[in-house]
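Participant:
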Amino acid sequence: MQRIYIYKQFERFWHWTQAILVLFLAMTGFEVHDSIHLFGYENAVVYHRIAAWMLLGLIVFSIFWHVTTGEWRQYIPSFSKLSAQIRYYTIGMFKGEAHPTHKTARNKLNPLQAVTYLGFKLVMAPLIVVTGMVYMFYRTIDANDMVVVSEIPLAWIAWLHTFGAYLLMMFVVIHVYMTTTGSTPLSNIKAMLTGYEELEPVDENSIIKNKEAHEA
Ligand code: HEM
C-alpha cells in the first residue's frame, strides 16, 4: 500500500461546502414545504435563498475548476467494467472479493461512480437549480410575460423542485453508504478530508493503454 494524493485542495473544499449547502438547503427547503419545523417559515425562506445563491456561486467555480484542470474527464463513463462493478457492489463485496477496478489519481472514479456522478451533474443538479431559479424569479418572469415559463403554474415548478430535492436526498443516502465500501469503512471519508489515501500502487500508463485497447 502507498499513500497517494488523490483529492486536491479545491476539490475537498468544493465537496464539503457543497455537502453542507445541500443539507442546509434540504433543511430549509423542507421547512418551506411544511415537512419539518426548525427555523420558522419566514427565516427558512430567507436562509434558503441565501444558501441557494452560495450554491450557485460554488457551482460556477467548480465548473471553471473542472474545465481548466481537465478533471472533467474523470466523469467520462467507461462501460467496459460497469457490470463487473455492479456485481462487486451487489455480490462480490459481501464475499470479500477484490475490487474489480483500481483507484488512481488520474482515474479516481470507478465506472459506476463516473456514471452516477455524471447523472448527478447532468440531471439532478440542473433540475433543482433550474426549477429553483424559476421559483425564485417566478413573479418577475410572470410580470414580464415570458410566455413559455409563465404559462407553467407555480405549483408545478414547486412540485418539480421538491421532486429534485427527494432525488438529491436519495443520492446523498446512497452516496454516504457507498463511501463506507472502501478498504476500511472510513478510508474514503478520510481521503476526502486529508486528500491522501492508502492505495495499491499501479502503473497508470498501463491502465490507460489497457483501457484504450479495450475500448478500441
Ligand atoms: C440553486 C439551487 C436552489 C435554488 C435557486 C432554490 C430556490 C428555491 C426557492 C425560490 C424556493 C421557494 C421558497 C422561496 O420563496 O424562497 C425553494 C423551495 C424549496 N426548495 Fe429550493 N432551491 C435550490 C436548491 C434546493 C436544494 C438543494 C434542495 C434540497 C435538497 C431544495 C429544496 C427545496 C424544497 C423542498 C422547497 C419547498 C418547495 C415547496 O413545497 O414549495 N432546494 N427553493
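Heads up: the sequence shown begins at 107 in the working numbering, then just goes up one per residue. All residues carry an ideal CB built from backbone N, CA and C; glycine is no exception. Computed from a prediction, not measured in an experiment: that's the story for all the values here.
(1) Can you give me the Cβ contacts of A158 inside the same chain, cut-off strictly under 8 Å, excluding the 5 residues immediately before and after it?
(2) Look at the Cβ atom of V152, then the Cβ atom of V138, and state whether they are nearer than 8 Å.
(3) How about V279: is its Cβ closer than 7 Å to a heavy atom in the ligand HEM?
(4) Taking just the CA atoms, how far does F185 sit from P217?
(5) If we ignore side chains and look at the alpha-carbon of each, how far apart do M276 and K201 end up?
(6) Given this structure, state the Cα-to-Cα distance separating I165 from T123, to the nearest angstrom.
(7) Assign L305 to buried or exposed, taking buried as 16 or more other Cβ atoms, counted over all protein chains shown, within 10 Å of its Cβ.
(8) From I258 to M230, what distance separates their C-alpha atoms?
(9) Considering only their Cβ atoms, is the gap separating A220 from Y181 smaller than 8 Å?
Facilitator: In short, the structure shows the following:
(1) L131, G238 and M242
(2) no
(3) False, no ligand heavy atom lies under 7 Å from that Cβ.
(4) Distance between the alpha carbons of P217 and F185: 7 Å.
(5) 26 Å
(6) 11 Å
(7) With 16 or more other Cβ atoms within 10 Å, it is buried.
(8) One Cα belongs to I258, the other to M230, and the distance between them is close to 20 Å.
(9) yes
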